[in-house]
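Residue numbers (the UniProt record's numbering): 1 to 215. A quick write-up on the structure given underneath.
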Amino acid sequence: MGRRFDCSDAAQRTAGVLEAAAAVRRGELVVLPTDTVYGIGADAFTPAAVTGLLEAKGRGRDMPPPVLVGTVRAATALVDDLGPYGQDLVDAFWPGPLTLVCKANRALSWDLGDTKGTVAIRMPLHPVALDLLKETGPMAVSSANRSGRPAATTVDEAEEQLGDSVEVYLDGGKTDDNTPSTILDLTTAVPRLLRRGAIPVEKLRGIIGYVATDD
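Right, here's the structure in full:
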């Protein structure tokens with residue numbers, strides 16, 4: 001099994017973040033707590049690591065992982081443009097459970113799967129996740145579970161499903177809420193809701209006005 005660190009202990013948290021960052025730089029997988037559910041993460045710029053993440057989950061390239069960032073500056077470097085609404089949404093809801101789908105920066109050399117030129121980005125509201133992301137830079141992160149099974153809300157659940165495919169497990173305790181992030185597509189003229197989640201549509205509309213839904 002991968003190495004496990006109890007992040008409720010200050011010394012273990014520091015050691016764990018450093019070990020996890022080193023593992024990510026080696027192209028290995030790590031499990032980290034977020035403000036929604038536990039995530040399995042890899043270096044976003046190491047294609048073999050992203051492939052390993054998808055294989056660990058039992059997913060194909062048709063379901064590319066989102067990218068988590070530790071700063072807004074890191075996010076803006078990954079996209080061509082946040083568009084007319086992106087900055088207002090970032091100011092209102094980041095760090096937090098809002099994932100924004102934007103057109104990816106075409107100058108970047110990475111391979112997240114079949115993204116059709118887009119990238120889903122989020123800055124999580126969790127101190128351990130942010131500490132790790134500030135060490136690693138942008139990470140491809142998906143929920144820490146096998147495809148089709150419930151998302152892990154504890155490190156035990158993540159370890160039971162992912163086992164030896166993960167090098168480092170960061171234990172941040174049980175997550176407060178297993179509601180996933182809200183996903184909003186900013187690649188079209190009118191922002192479109194792709195997944196309902198922790199941030200209600202009404203709150204999004206309170207910031208940017210109209211949001212298209214499938215209702």
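The beta carbon of each residue, even a glycine, is placed where N, CA and C say it ideally should be. Values in this document were obtained by computation on a predicted structure and should not be read as measured data.
Using the Cα positions of residue i and residue j, report the straight-line distance between them to the nearest angstrom.
| i | j | result |
| --- | --- | --- |
| residue 24 | residue 12 | 18 angstroms |
| residue 182 | residue 193 | 8 angstroms |
| residue 216 | residue 133 | The structure shown does not extend to residue 216, since the chain spans only 1 to 215, so no value can be given for it. |
| residue 79 | residue 86 | 11 angstroms |
| residue 83 | residue 201 | 19 angstroms |
| residue 151 | residue 205 | 28 angstroms |
| residue 22 | residue 9 | 20 angstroms |
| residue 177 | residue 153 | 8 angstroms |
| residue 60 | residue 15 | 33 angstroms |
| residue 211 | residue 190 | 7 angstroms |
| residue 71 | residue 139 | 12 angstroms |
Count the other CB atoms, across all protein chains shown, that sit within 10 Å of the CB of residue i; report buried if there are 16 or more and exposed otherwise.
| i | result |
| --- | --- |
| residue 131 | buried |
| residue 122 | buried |
| residue 163 | exposed |
| residue 107 | exposed |
| residue 159 | buried |
| residue 57 | buried |
| residue 155 | buried |
| residue 175 | buried |
The beta strand (DSSP E) with residue i in it runs from where to where?
| i | result |
| --- | --- |
| residue 140 | 139-143 |
| residue 39 | 39-43 |
| residue 119 | 118-122 |
| residue 194 | 192-195 |
| residue 3 | 3-6 |
Could you give the first and the last residue of the continuous alpha helix (DSSP H) run that contains residue i?
| i | result |
| --- | --- |
| residue 103 | No alpha helix (DSSP H) holds residue 103; the beta strand (DSSP E) holding it covers 98-103. |
| residue 85 | 83-93 |
Contact check, residue i vs residue j under 8 angstroms by CB: the rounded distance?
| i | j | result |
| --- | --- | --- |
| residue 218 | residue 101 | With the chain covering 1 to 215 only, the question about residue 218 has no answer from this structure. |
| residue 54 | residue 141 | Residue 54 to residue 141, Cβ: 12 angstroms. No contact. |
| residue 197 | residue 97 | 6 angstroms |
| residue 81 | residue 116 | Wrong, their Cβ atoms sit about 16 angstroms apart, outside the cutoff. |
| residue 187 | residue 118 | 6 angstroms |
Assess contact between the stretch 158-171 and the stretch 25-37, defined as three or more Cβ pairs (one per stretch) separated by less than 8 angstroms. Is contact present? yes
Given 8 angstroms as the limit, is there contact between the stretch 99-118 and the stretch 44-60, that is, 3 or more CB pairs closer than that? yes
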